[in-house]
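Participant: My questions all concern the structure below.
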Amino acid sequence: MTGVVIGGWEYVIAAYAVTAIAFVIYGVTLVTRLREGRSRALTQGETE
Amino acid sequence: MKETNLSAAPGKGNLASKAGAILLGVGAYFGIIGALHFYVPAVQPWMHLNLGGGGQALVGATCALAGTLLLLLADDLRSRPGAATALLAVGAVALIIGSAIGLFAAPAEQFMGETQRIMYVHVPTAWSALLAITFGFGCAIAFLFNGDFRYDSRLEASIEVGVLFAFLLCVQGAIWAKPTWGVWWDWDPRLTTTAVLLFAFLGILALRNFVDDPVKRGIWSSVATIIAFVDVPIIYFSVRWWNSLHQVQSTPDTVASPFHLPLRISAFGILFLMIGFIMLRARIADQRLQQELTAPPEMMGEEAGELA
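Now the structure itself:
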């Protein structure tokens, strides 16, 4: 035991991948929800 | 409750958004320029006003925080989704550059080896998570004091983004913990208080989904946010108050200079992403509130009938 971590690239890649995937998915859900809200507002406006 | 108009008045808040953008730019400049010298020897001390490492970090962080606050409060940006999209694009580019330097140019740490590279996303995620939750806390107080639903939208947005970042923080931390501590998770004070924060604010988001009345929803979630926010200073000081596996906070003096640049570029990237996400999410909350606060057409018809 040297007290030094050997290797570990797989953990680094996992951390960055999780972060990137989470940001992309959240960004996509935001755009989708914004569009849904906009079309709902348009429908409501037409009804009125 | 105060009469609320959710649509931004034209021109209102222009000064705040411009000042916010300038401050954020100044913060990024001072945050990054001083850290460049390790990689770009041509950087001269006058370029960062001869400020030392601590001074650059202080000026950079102060300007960035003030700029963030102004941008999140600027009313004119609420009607301009292009501003949020631009921030997201700049944030993504900065995060990619910071990550590339952190992964391929920065040296490995002496003891943690390659796994220390997780720091370049983990630490900025932690900063942004606590910042988003703190902004939500401020919005909760503002909503309770003046009943302005624009703060309620910002509260909902900042809590959701804060929860996303806190979740990511726990996952990144677990991935870093396995090779360094030997376990994915430990009921250590820092980790436990962060998990408490995540579940407390998840509960507040659930509460907001279950309550249909916007006034009750705003008041209840604001009160809950203020109570749950008590956990934030506990998280920050947990590593000093108790024996913790998690290390204590670093300062520019305790972090080797090659690590500064990727850390700071990634930090600004994730900060920009956080601001962009909150802006877009607040628009979604605005849309919902606008529909709820507008009288339904059926009701208007009935009322019209009664009047006739």
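Heads up: the sequence lines are chains A and B, in that order. In terms of numbering that gives the first Met the number 0, the first sequence is residues 0 to 47. In terms of numbering that gives the first Met the number 0, the second sequence is residues 0 to 307. Beta carbons: idealized from backbone N, C-alpha and C, even for Gly.
1. My guess is that G36(A) and R287(B) are in contact by the Cβ rule of under 8 Å, so how many angstroms apart are they, rounded?
2. From what residue to what residue does the alpha helix (DSSP H) around H245(B) run?
3. Would you kindly check if the distance between the Cβ of S221(B) and the Cβ of A139(B) is under 7 Å?
4. With which residues is E108(B) paired in a DSSP beta bridge?
5. Tell me where the alpha helix (DSSP H) around V210(B) begins and ends.
6. Are there three or more Cβ pairs, one per stretch, closer than 8 Å when the stretch 268-283 of chain B is compared with the stretch 77-91 of chain B?
7. Report the three-state DSSP secondary structure of V222(B) (helix, strand or coil).
8. I'd like to know if the stretch 113-130 of chain B and the stretch 11-18 of chain A are in contact, where contact means that at least 3 CB-CB pairs between them fall below 8 Å.
9. Just curious, the alpha helix (DSSP H) that V3(A) is in, first and last residue?
10. Since F271(B) and A93(B) should fall inside the 8 Å C-beta cutoff, what is the C-beta to C-beta distance between them, to a whole number of angstroms?
11. So what does DSSP say about Y10(A), is it helix, strand or coil?
12. Measuring alpha carbon to alpha carbon, tell me which of A60(B), H36(B), G24(B) and L14(B) ends up nearest A73(B).
13. Could you check where the alpha helix (DSSP H) with W175(B) kicks off and where it finishes?
14. Measure the Cβ-Cβ separation of G202(B) and D151(B) and say whether it is below 7 Å.
15. Tell me the rounded alpha-carbon separation between G54(B) and R32(A).
16. Would you say V23(A) reaches chain B, if we count a Cβ-Cβ gap shorter than 7 Å as a contact?
17. What are the residues in the stretch 103-123 of chain B lying within 8 Å of chain A by C-beta distance?
Facilitator: According to the data block:
1. In the first sequence, residue 36(A) corresponds to position 37, counting from 1. In the second sequence, residue 287(B) corresponds to position 288, counting from 1. Indeed, because the Cβ distance is near 7 Å, the residues count as touching under 8 Å.
2. Here residue 245(B) corresponds to residue number 246 of the second sequence, with the count starting at 1. Premise fails: H245(B) is in no alpha helix (DSSP H) and is neither H nor E.
3. Sequence index remark: in the second sequence, residue 139(B) carries index 140 (1-based). Sequence index remark: in the second sequence, residue 221(B) carries index 222 (1-based). A contact, by the Cβ cut-off of 7 Å.
4. Counted from its first residue, the second sequence places residue 108(B) at position 109. E108(B) is bridged to G112(B).
5. Reading the second sequence from its first residue, position 211 is the one you call residue 210(B). Premise fails: V210(B) is in no alpha helix (DSSP H) and is neither H nor E.
6. They touch, by the three-pair rule.
7. By one-based count along the second sequence, residue 222(B) stands at place 223. Three-state result, V222(B): helix.
8. The stretch 113-130 of chain B makes contact with the stretch 11-18 of chain A, as at least three CB pairs between them are under 8 Å.
9. In the first sequence, residue 3(A) corresponds to position 4, counting from 1. Neither: V3(A) is in no alpha helix (DSSP H) and is coded neither H nor E.
10. As a first step, residue 271(B) is located in the second sequence; it is residue number 272 there, counting from the start. As a first step, residue 93(B) is located in the second sequence; it is residue number 94 there, counting from the start. The C-beta distance from F271(B) to A93(B) rounds to 6 Å, short enough to fall under 8 Å.
11. The residue labelled residue 10(A) in the question sits at position 11 within the first sequence. For Y10(A), the secondary structure class from DSSP, reduced to helix, strand or coil, is helix.
12. Translated into the one-based positions of the second sequence, residue 73(B) becomes position 74. Distance from the Cα of A73(B) is smallest, within the candidate group A60(B), H36(B), G24(B) and L14(B), for L14(B).
13. The sequence position of residue 175(B) within the second sequence is 176, counting from 1. Residues F148 to W180.
14. Taking the first residue of the second sequence as position 1, residue 202(B) is located at position 203. Taking the first residue of the second sequence as position 1, residue 151(B) is located at position 152. Not closer than 7 Å, so no.
15. Here residue 54(B) refers to the residue found at position 55 when the second sequence is read from its first residue. Here residue 32(A) refers to the residue found at position 33 when the first sequence is read from its first residue. Within the model, the alpha-carbon separation for G54(B) versus R32(A) is close to 42 Å.
16. On the first sequence, position 24 is the one that residue 23(A) refers to. Cβ-Cβ to chain B under 7 Å: no for V23(A).
17. So the close ones are Q109, F110, M111, G112, E113, T114, R116, I117, V120 and H121.
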